[in-house]
Amino acid sequence: MERRLLSGDEAVAAAALDAGVHLGTGYPGTPSTEILEAFDALGGRAQWAPNEKVALEVGLGAAFGGARALVTMKHVGVNVAADPLFTAAYTGVSGGLVVVAADDPGMASSQNEQDSRRYAVAAGLPCLEPSDSQEAYDLLLAAFELSGRWQLPVLFRMTTRVCHGKSIVTRRAPVTPAAPAFRRDIPGRVMIPAYARPAHVRLRQKLKALSAFADGSPLNVWREGSAALGVIATGVAARHAREAAPHAALLELKTIHPLPLEKLRAFAASVDRCVVVEEGDPIVAEACLAAGIRVEGKGEPFRFGELDVERVRRILTRDDGPEAPLPRGKPPQLCEACPYHPVYATLRKLDCIVAGDIGCYTLGVLPPYQGMDTCVAMGASLGVGLGLRHVLPEADARRVVSLIGDSTFVHTGLNGLVEMIYNPPATGHVLIVLDNGTTAMTGQQEHPGTGRRLDHQATTRLSIEGLARALGVPNVDVVDPVADPAGFEALLSDRLARRQLSVIVSRRPCILAAADIRGYERQNAASAAACAACKEG
Amino acid sequence: MPAPVVNVVFAGLGGQGAIKASDILADAAFRAGFDVKKAEVHGMSQRGGSVTSDVRYGAEVLSPMIPRGQADFLVVLEPSEIEVNRPNLKAGGVLIPPDAVAEAALPNRRSLNVALLGALAARLDLADEHWLAAIRAALPERLHELNEKAFRLGKGSVP
Chain A
0 MERRLLSGDE AVAAAALDAG VHLGTGYPGT PSTEILEAFD ALGGRAQWAP NEKVALEVGL
60 GAAFGGARAL VTMKHVGVNV AADPLFTAAY TGVSGGLVVV AADDPGMASS QNEQDSRRYA
120 VAAGLPCLEP SDSQEAYDLL LAAFELSGRW QLPVLFRMTT RVCHGKSIVT RRAPVTPAAP
180 AFRRDIPGRV MIPAYARPAH VRLRQKLKAL SAFADGSPLN VWREGSAALG VIATGVAARH
240 AREAAPHAAL LELKTIHPLP LEKLRAFAAS VDRCVVVEEG DPIVAEACLA AGIRVEGKGE
300 PFRFGELDVE RVRRILTRDD GPEAPLPRGK PPQLCEACPY HPVYATLRKL DCIVAGDIGC
360 YTLGVLPPYQ GMDTCVAMGA SLGVGLGLRH VLPEADARRV VSLIGDSTFV HTGLNGLVEM
420 IYNPPATGHV LIVLDNGTTA MTGQQEHPGT GRRLDHQATT RLSIEGLARA LGVPNVDVVD
480 PVADPAGFEA LLSDRLARRQ LSVIVSRRPC ILAAADIRGY ERQNAASAAA CAACKEG
Chain B
0 MPAPVVNVVF AGLGGQGAIK ASDILADAAF RAGFDVKKAE VHGMSQRGGS VTSDVRYGAE
60 VLSPMIPRGQ ADFLVVLEPS EIEVNRPNLK AGGVLIPPDA VAEAALPNRR SLNVALLGAL
120 AARLDLADEH WLAAIRAALP ERLHELNEKA FRLGKGSVP
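Residue numbers (numbering that gives the first Met the number 0), protein chains in the order written: chain A, 0 to 536; chain B, 0 to 158.
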């Protein structure tokens, strides 16, 4: 088969195609975004969902229907999808369901460095973790086989270096899975307590069997080496470990949950000293210690940030001393011609308290504006802003503004808007939606508000202002802050002075995306015209 | 490392083509039959921040990240990024700074990344056919001639 140099994300997409995945869905999030884009480019059926919870539910429905479904998200997206994820472990699936959780140790582009492997343990899902692109390819195929065989969703943990790193991949012959078909299974799919109780027992039985499977699985690679030192390593850290300690015995773990405890026990017993090297939380080390397996975990400093060859060397020599700081280059900033500049200038001038959100515009927190007072989670600007309004003294409450991007608004800001009209603060509230017509931060992906699907084809456009009006928000305005900055300032001042609810949609395309957006719109208009002409004929 | 691996760090600011240059080197080495790994972090970097990308090639490459102080070459597209990245170079490693190629001679300022690849190519053992194939594969056809010119200019700049 053809060998190609692929990123881990591209390798996952290629594997999805070769595994016969019927549907790929997800929400953009660094470092996972490129998977669905590459799957689409290869001819797979890929679509963006408004958020990760919906994506997982769509994938679950497809897998209930006997299809193979791939759902992609970044680590924090798993939090959004966690509700269906836990119960999907009970219901199981008929076809195959693999959920990619892309972690970001070191937070290259994230608000935290949570470890998604904890979700596999908490929900009771099998979890695989690759160390490079070839393994991303091979293990994704294995994940679908596992999912089909055990009728469980599989969590596929990746990290930034594996997602964005490139290495050589050889593909295998594609397979054609069974065609989707509905088979009624009410006790297996309807999780009322009477059906959920036996479902939980079934899940634990499957995990027990999976544990035995993991012990015998060739996916975990045992490399013989010196009896003096053994290293148990996961993900990309296994590659660092081979370089840092070429003579050590090495157990490269790919089945992260359930763990191959007997193999781990045998490996640890075969060496004088056994060290676990893993990025993120010390999950494997803790599990080994809890099972009475004699291993050393990494020192506390290595819970933070990414690992590399030097840091692995330090873990192996128990050197927890101060490390040389990483080089500090130029931080990212709002683009010079970003349409958000006048918005931040106005927020500063009016001395607003800004409950912010997640996207490019979060960069407005940096000087010169320092234009954001909180940023916690996707969609949190609404709830946090409302909470501040409810409790602050009136003079301060009236300065509070919620600030959110268009894609983030559709993701989970919508729920907050419902809260705003349901429990309006006494001083009213002002929501500014920064609508630049794209999911800019992750590389300009489409979302329901753009009116275009993942492949940029036209679909129904969600109207943010229409939605706000339909919900009964009394003041809804759409403005272009670049064309009329004075008008924007006058409008915001007026809305802050009212004891009412206001939504201001600040609409101006992202300067990086504007030319592409015009191109998509031209193309879609031409297709629509051709379609109309054909119907008339 | 069982066999020697060539380590090249690319550095610049978002939008300057540092990642594109690292892609072209990785592809050229791949075409020449080497094992290759490339590691980078992008995301926030799209907003004009610092960008670095590591390319390693040889008989077998293990970690995708170049250990600090082990880069054989450091290719920098932005003057302000030289000093922060200098610790990546090993003793005796070669810095290829942005002024390694005379900007005035470039067919286009945007082709500096490919011109610096030319200056790098003069010091590596990868055949021109692999470089040119990688450049063509990475860029749209209308930019091929311009970038091949930039590559040759960069290669010719090394005495």
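Yeah, the Cβ is synthetic: ideal placement off N, Cα and C, and Gly gets one too.
C-alpha of A/Ser225 to C-alpha of A/Lys253: approximately 22 Å in a straight line. DSSP, reduced to helix, strand and coil, places A/His246 outside both helices and strands of the structure shown, so it counts as coil. Here A/Ser401 is buried, its C-beta having at least 16 other C-beta atoms within 10 Å. In this structure, the alpha-carbon of A/Glu144 lies about 50 Å from that of B/Arg108.
Under the 8 Å Cβ criterion, the segment 50 to 68 of chain A does not count as touching the segment 109 to 118 of chain A, having fewer than three qualifying pairs.
Uninterrupted alpha helix (DSSP H) stretches at least 4 residues long and entirely within the segment 42 to 120 of chain B occur at 81 to 84 and 111 to 120, given in chain order.
In the structure shown, A/Val20 falls within a coil segment according to DSSP collapsed to helix, strand and coil. Listed along the chain, the chain A residues whose CB falls inside 7 Å of the CB of B/Asp26 are Leu4. Of the residues A/Asp17, A/Ala286, A/Gly355 and A/Thr345, the one whose Cα lies closest to the Cα of A/Ala68 is A/Asp17. Neighbours of B/Val35 in chain A, taken as residues at a C-beta separation under 8 Å, are given in chain order as Leu4, Lys165, Ser166 and Ile167. Under the Cβ criterion of 8 Å, B/Phe29 is counted among the residues facing chain A. For A/Leu362, the nearest CB of chain B lies under 8 Å from its own CB, placing it at the interface with that chain. For A/Gln332, the chain B residues whose C-beta falls within less than 8 Å of its own C-beta are Arg46, Gly47 and Gly48, listed in chain order. Bounds of the alpha helix (DSSP H) holding B/Leu131 are Asp127 to Ala137. In the structure shown, A/Ala457 adopts extended strand secondary structure according to DSSP, grouped into three states. In summary, the residues of the segment 58 to 76 of chain B whose CB is separated from some CB of chain A by less than 7 Å are Leu61, Ser62, Pro63, Met64, Pro66 and Arg67, in the order they occur in the chain.
Assignment of beta strand (DSSP E) within the segment 309 to 366 of chain A, counting only whole runs of 3 or more residues, yields 352 to 354 in chain order. A distance below 8 Å separates the beta carbons of A/Gly234 and A/Ser130. If you check each beta-carbon in the segment 111 to 132 of chain B against every beta-carbon of chain A, none falls closer than 9 Å. The Cβ neighbour count for A/Thr29, taken over all protein chains shown within 10 Å, is at least 16; the residue is labelled buried. Contact with chain A is absent for B/Pro97, since none of that chain's Cβ atoms lies less than 8 Å from the residue's Cβ.
It is roughly 33 Å from the alpha-carbon of A/Glu33 to the alpha-carbon of B/Arg151.
For B/Asn84, the C-beta contacts it makes with chain A under 7 Å involve Pro326, in order along the chain. CA-to-CA, the gap between A/Asp184 and A/Pro176 works out to about 21 Å. When C-alpha distances from A/Glu242 are compared across B/Pro66, B/Val75, B/Asp34 and B/Ser49, the shortest belongs to B/Pro66. For A/Ser492, the uninterrupted alpha helix (DSSP H) run begins and ends at Pro484 to Ala496, by DSSP.
Here A/Tyr421 is exposed. Its C-beta has fewer than 16 other C-beta atoms within 10 Å. Taken atom to atom, the span from the alpha-carbon of B/Pro78 to that of A/Ala13 is near 39 Å. Beta-carbon to beta-carbon, A/Ser462 and A/Gly412 are separated by about 14 Å, too far to satisfy the 8 Å threshold. With a threshold of 8 Å between beta carbons, B/Leu138 makes no contact with chain A.
Assigned with DSSP and collapsed to three states, A/Thr29 falls in coil, not helix or strand. Closest option to A/Pro300, judged by alpha-carbon separation, among A/Gln133, A/Asp476, A/Pro104 and A/Lys165: A/Pro104.
Setting aside the 5 residues that flank it on each side, A/Ala195 is surrounded in the same chain by Thr86 and Tyr89, each with a C-beta closer than 8 Å to its C-beta; the list follows chain order.
In the same chain as A/Arg468, and ignoring 5 residues on each side of it, the C-beta atoms closer than 8 Å to its own belong to Val475, in chain order. Using a CB distance cut-off of 8 Å, A/His239 counts as an interface residue toward chain B.
Buried is the label assigned to A/Cys509, since at least 16 other Cβ atoms lie within 10 Å of its Cβ.
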